[in-house]
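Working notes, structure below.
2 protein chains.
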Amino acid sequence: MNLKRFLPLLEWLPSYTRSDFAADGMAGLIVAIMLVPQGMAYALLAGLPAEVGLYASIVPLIFYGLLGSSRALAVGPVAIVSLMVASTLGELAESGSAHYLAGAVMLAFLSGAILLGMGFARVGFLVNFLSHPVISGFSSAAALIIGFSQLKHLLGFDIPRSHLITETIAHALSHISQLNITTFVIAGLSLLILLAFKSRVAGALQNAGVAKGVADAIAKAGPLVAVASMTIAVWIFGLNTNAGVKIVADIPSGLPPLSLPVFDMELIRDVLPAATLISVVGFLESISVAKSLASKRRQKIDADQELIALGAANIGASLTGGYPVTGGFSRSLVNFTAGAVTPFASIITAVLIALTVVLFTPLLYFLPKATLAAIIVVAVANLIDVKTLKDAWAYDKADAASLIATFFAVLTLGIELGIIAGAGLSIALYLWRTSRPHMAVVGRVGETEHYRNVLRHEVQTDPRVLAIRVDESLYFANTAYLEDAVLARIADQPEIEHMVLIMSAVNFIDASALETLEELIERLRDSGVTLHLAEVKGPVMDRLEKIHFLDHLTPGQVFLSIHGAMEALSPGICGAPRVA
Amino acid sequence: MNLKRFLPLLEWLPSYTRSDFAADGMAGLIVAIMLVPQGMAYALLAGLPAEVGLYASIVPLIFYGLLGSSRALAVGPVAIVSLMVASTLGELAESGSAHYLAGAVMLAFLSGAILLGMGFARVGFLVNFLSHPVISGFSSAAALIIGFSQLKHLLGFDIPRSHLITETIAHALSHISQLNITTFVIAGLSLLILLAFKSRVAGALQNAGVAKGVADAIAKAGPLVAVASMTIAVWIFGLNTNAGVKIVADIPSGLPPLSLPVFDMELIRDVLPAATLISVVGFLESISVAKSLASKRRQKIDADQELIALGAANIGASLTGGYPVTGGFSRSLVNFTAGAVTPFASIITAVLIALTVVLFTPLLYFLPKATLAAIIVVAVANLIDVKTLKDAWAYDKADAASLIATFFAVLTLGIELGIIAGAGLSIALYLWRTSRPHMAVVGRVGETEHYRNVLRHEVQTDPRVLAIRVDESLYFANTAYLEDAVLARIADQPEIEHMVLIMSAVNFIDASALETLEELIERLRDSGVTLHLAEVKGPVMDRLEKIHFLDHLTPGQVFLSIHGAMEALSPGICGAPRVA
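Residue numbers (our numbering), protein chains in the order written: chain A, 1 to 580; chain B, 581 to 1160.
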């Protein structure tokens, strides 16, 4: 049982059938076709040689396949993580240098170690501390940064790397005279092909009588078609030499060499913070897609097991000349819709990519970088998320504000600081909300036992008995606010003799709040008011009894229900008094 | 009215009587007698010349008297702030150097500016984000550090300043041969006198038939007696020359010169973080004592006005060669019990201290530093707070842990990092608590309309209807936890058809939680379970209606009460069904 937790493959392998294999095989093939150009493109985005993206798409997929709890997650290089790698290493070394490469490997190794550590420490829940609006704002901004980072490949002239889009655009416009028309045309055609396959092809084929499954499969081949056609065009017309079109050129063929990362302490210190962020962000993207796919087939995702699997995948990447990987959103969706039923699909993908590296790299020699850039642009376009902003704005301006703030924080402060600011912001927003609790004075609804907010309902109240419902747990940040609010009401209403705090929404009282509560009892007593409690929750009551709080409270009492309290304290609105 | 907010003196000045003056005069005198040696002692603790402590006890008191909203707060140098000043400047300059002095003045100016800024921005509530256990752990640790920092004066040989008590003790023991017996004896006698006056004198005098008021007043003179007797002893026997007893020696007589702080940008950058912490810690000490004294006489404290008054006081200190000041605990208590009825008492104290500086500084020439150190040790002994730890431990181990952690953080990381760690810790603890909400499955109590936790009460439930009460507001950090918990229960109980979430303890649902809730509805629907809500709070319902959440919910319903829900869904336990 417990072994099954750590080796999810024991769940599916024993009952694995030939038809499962057929399904996984098809899905694995489609993902491989998609992953070869994507992997190379993301490697370039990360400032690494194209082959690194392919190396990162072999061993990591196998490790994840053996350990992952998701049946459909497709692991490999992804856009945002690649961008984070670029922005980290960009400050340490010259892109393409040995030190840069060593940094990428070290990032993979460290984030692998961090993910494993989090998994064994079972602290997967920590990632929940990034709110959805913050994640949405972060991805939209990251997508923009990624998109514009490809401008240099699309226009065919060099633009210095910068996380400030404005700088990138300004530089591009001021140097537009250097535009390489051929490159620009290739980029345009690539975009056309990709978009056409994305939106039109499946439908067109079906109208032409092709079976839906096949049509969908073909539609996934967009990147392959773009890559093939553009590569051939460059090769035939020798555009790389005649028109200065930048190409991928030599990719060493053969499997990546097994090698340990270089343990350079200074390097480790430099990249450790980034590695932590990469782990968190990567895990977030991965777990969210894994969960949404699993729920479609009623499968369970074990967050801590996912941490272990992704950790192993990244360690695997670092041992085979790769760079940080995680579960990609679009890729996993393709894997899922293409019919992957078990992680074996990932293993098949890995094998096919290994074959590509061994046999087909010469075919990729003339592949224009502009086409890879086009693939990136189309991929990240999906990340720009306006819907969440609209929804948040309609539902809660504060949440919408935190989304917008994160968005601009990422665009101005850069990707790392941006997401840290976002996380801090969402926590601050929550503390702010809970630091000034909503309090409602309640009264009796007709002759019922229901008591509701006097401002919202037609209710009867007793000027001598003030019943306040506190809509928040009591803790250090809101305890002073509560005290001031209560004392203010007492000051306004001198005729009050009894004050009942309704605790139905108080889920805990921390030590600071307890202290304040005891002070409050004293102060109310000084001003001739007795404090009572009603509807105290079981867990809260247990604690209060443990420290004999009730001795402080007397003559005040604790009532099971607010009606019980009113019956005892307010003959006025509940008939003759009786002891509760 | 509004003017009265900003000039509280308009509250009391118009109705000021001669008897008020008599009371304030007595209190002012007693505080002055206490403040002269204390001010000098704390200045030495801060690594500053003794007179700086006196300068900081003149203008700041007058400014606070004019602006403060507390009637009894006694402003001036205090132990913890002095320690923070020492630990900040100790890293920047040689104690006693001009740069060190300039730093102290700049700290006063900056924290004054920060306090004013917070006051006008009306963000006084921010200080609530330090929990009581954290503050208690912080003060206890600070008190220890302060006490041991005086060891060198008590033993009469130099011990290098260190925030590590262990280092201080080790150094003291290894150099104990350098002990200056005379100094040690003076220190011992001073301690005896101070403790005797503190605990015995008042009682003894009353037994001897002295009126209580007078006896108490005399008891306050402990520091004066210690200072006078020891000074005379040193002077008569020439202990400073014959026995190497360290004395205060020359104190420039005359009022402090008016002077602007030196605006050295580098210096400002160096001390700004410390200035912020000093403002927060100082304000915390001040506001807590002001509140507790005010409540004894039913007076109100306006936190934002206090920020402004303390800000002005510190600016005042910086313009008259002083250093950061705040409301002291013991001193304010003395002021209060000595009968101060208005802030005019502070102004009288200030005048008396000004006179001292002009006329009596020569009398302080032979004052031994050992006596001042004894005064500090006795003063900070009160700060060591074991009771709060005991209470917290009995009530909530987590709070107790945060107290202990802060205590050791301050002792090991030093005063600034220590309190930052403490604040972070208390917030983390709160987030941790709310990130895994308590959820209770409830059932009907007999034939009543009450529904209680099935684990705590004898109740009837319906296997087809699961009613869960969520005891926490729903926000990004606990939403995944809720989802997992709910889906797990559904998986365990296949016969469930309806699931009712009881929202009586849910005070808000943020955008992330809303998203999860909508996903949850879908997933439950997929597994044939209908989700309903019950007892949704007014403010929460308003938001949900605004975005037509109910359309997502249908066929699920929102019930006013859990009983209404059970009547509609569970004929089994509520008789014939009817539409709610």
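For glycine and all other residues, C-beta sits at the position ideal for the given N, C-alpha and C.
No experiment lies behind these values; they were computed from the predicted model shown.
Neighbourhood of A953 of chain B by C-beta distance below 6 Å, restricted to the same chain and skipping five residues each side: Exclusion of the five residues before and after A953 of chain B leaves Q730, H733 and L734 as the residues of its chain whose Cβ lies within less than 6 Å of its Cβ.
CB contact flag (P923 of chain B, P617 of chain B, <8 Å): If you check the CB distance, P923 of chain B and P617 of chain B do not come in under 8 Å.
Near-chain A residues of the segment 1085 to 1101 of chain B - C-beta to any C-beta below 7 Å: Listed by position along the chain: A1085, N1087, F1088, D1090, A1091, S1092, L1094 and E1095.
Of the listed residues B:F916, B:I1101 and B:I1153, nearest to V1025 of chain B (C-alpha basis): Checking every option, the nearest Cα to that of V1025 of chain B belongs to B:I1153.
Residues of its chain near D385 of chain A, where Cβ-Cβ distance is below 8 Å and the 5 sequence neighbours each way are ignored: If we look at D385 of chain A and ignore the five residues flanking it on each side, its Cβ neighbours are S136, S139 and S140.
Counted within 10 angstroms of its Cβ, other Cβ atoms place R578 of chain A as buried (16 or more) or exposed: Residue placement at R578 of chain A cannot be trusted, given a pLDDT of 42 that sits under 50; the coordinates are not used to answer.
Residue-level contact to chain B via CB, D399 of chain A, 8 Å cutoff: Interface annotation, D399 of chain A: in contact with chain B, CB-CB separation under 8 Å.
Minimum C-alpha distance to L44 of chain A - residue among A:M230, A:G28 and A:K246: It is A:K246.
First through last residue of the beta strand (DSSP E) which encompasses A56 of chain A: Note, A56 of chain A: premise wrong, no beta strand (DSSP E); not H, not E.
Residues in the segment 995 to 1020 of chain B having any Cβ partner in chain A nearer than 9 Å: Hits within the stretch, in order: S1006, I1007, L1009, Y1010, L1011, R1013, T1014, S1015, R1016, P1017, H1018 and A1020.
Near-chain B residues of the segment 532 to 558 of chain A (beta-carbon distance less than 8 Å), N- to C-terminal order: Listed by position along the chain: K537, G538, P539, R543, K546 and I547.
Per-residue DSSP class, three states only, for R578 of chain A: Interpretation of R578 of chain A is limited by its pLDDT of 42, a score under 50 that renders its predicted location unreliable; the figure taken from the coordinates is listed afterwards. Look at R578 of chain A here: in three-state DSSP terms it is coil, with no helix or strand label.
Contact set between E1052 of chain B and chain A, taken where Cβ atoms lie within less than 8 Å: Contact of E1052 of chain B with chain A by beta-carbon distance below 8 Å involves S473 and N507.
Burial state of P555 of chain A (16 or more Cβ within 10 Å): Exposed, because fewer than 16 other Cβ atoms sit within 10 Å of the Cβ of P555 of chain A.
Best match in B:L1140, B:L963, B:T821 and B:Y596 for proximity to E1161 of chain B [C-alpha to C-alpha]: Within the shown structure, residues of chain B are numbered from 581 to 1160, placing residue 1161 of chain B beyond reach of any answer.
Short Cβ contact (8 Å threshold) for V814 of chain B with F946 of chain B: With contacts defined by Cβ atoms closer than 8 Å, V814 of chain B and F946 of chain B form a contacting pair.
Three or more C-beta pairs below 8 Å linking the segment 99 to 117 of chain A and the segment 315 to 332 of chain A: At 8 Å Cβ cutoff, the stretches touch.
Closest by C-alpha distance to F586 of chain B, when choosing among B:A889, B:S1107 and B:G676: Of the listed residues, the one whose Cα sits closest to F586 of chain B is B:A889.
Interface residues of chain B facing N128 of chain A [CB-CB closer than 8 Å]: Under the 8 Å cutoff, chain B gives S1015, F1056, A1057, N1058, T1059, A1060 and Y1061.
Where Q460 of chain A sits in the DSSP three-state scheme: It is a strand residue.
Limits of the beta strand (DSSP E) - the one that H498 of chain A falls within: First-last of the beta strand (DSSP E) with H498 of chain A: H498 to I502.
Per-residue contacts from S809 of chain B into chain A (C-beta, under 7 Å): Ordered by position in chain A, no residue passes the 7 Å Cβ test against S809 of chain B, which lies about 41 Å from the chain.
Expected contact under 8 Å - CB spacing of V1116 of chain B and M1083 of chain B to nearest Å: M1083 of chain B and V1116 of chain B do touch by the CB rule: their CB atoms are close to 5 Å apart, below 8 Å.
Residue of B:T597, B:G648, B:A874 and B:E1077 minimising C-alpha distance to S926 of chain B: For S926 of chain B, the closest of B:T597, B:G648, B:A874 and B:E1077 by C-alpha to C-alpha distance is B:G648.
Any C-beta of chain B under 8 Å from that of D492 of chain A: It does not: the Cβ of D492 of chain A has no partner Cβ on chain B nearer than 8 Å.
The beta strand (DSSP E) enclosing Y443 of chain A, as first and last residue numbers: Correcting the residue identity first, residue 443 of chain A is Gly in this sequence and not Tyr. Unbroken beta strand (DSSP E) run through G443 of chain A: M439 to R444.
Residue of A:E515, A:I146 and A:A46 minimising C-alpha distance to G322 of chain A: Ranking A:E515, A:I146 and A:A46 by Cα distance to G322 of chain A puts A:A46 first.
Beta carbon proximity, N453 of chain A to chain B, threshold 8 Å: Yes, because at least one Cβ of chain B sits closer than 8 Å to the Cβ of N453 of chain A.
Near-chain A residues of the segment 679 to 704 of chain B (beta-carbon distance less than 9 Å), N- to C-terminal order: The segment 679 to 704 of chain B vs chain A, Cβ under 9 Å: nothing.
Interface flag, H132 of chain A vs chain B, CB-CB below 8 Å: Against chain B, the CB of H132 of chain A has a partner CB under 8 Å away; the residue lies at that interface.
Burial state of H1112 of chain B (16 or more Cβ within 10 Å): Burial call: buried.
Residue interval of the beta strand (DSSP E) (run including T530 of chain A): T530 to A534 is the extent of the beta strand (DSSP E) around T530 of chain A.
Limits of the unbroken beta strand (DSSP E) element including Y451 of chain A: Residues Y451 to N453.
Supposed contact pair I218 of chain A and L205 of chain A - C-beta distance, whole angstroms, cut 8 Å: That belief holds up - the Cβ atoms of L205 of chain A and I218 of chain A are roughly 6 Å apart, short of 8 Å.
Neighbour flag for R456 of chain A against chain B, beta carbons, 8 Å: Yes, because at least one Cβ of chain B sits closer than 8 Å to the Cβ of R456 of chain A.
CB contact below 8 Å: L158 of chain A versus chain B: Sequence check: residue 158 of chain A is Asp here, not Leu. Chain B places no beta carbon closer than 8 Å to that of D158 of chain A, leaving this residue out of the contacts.
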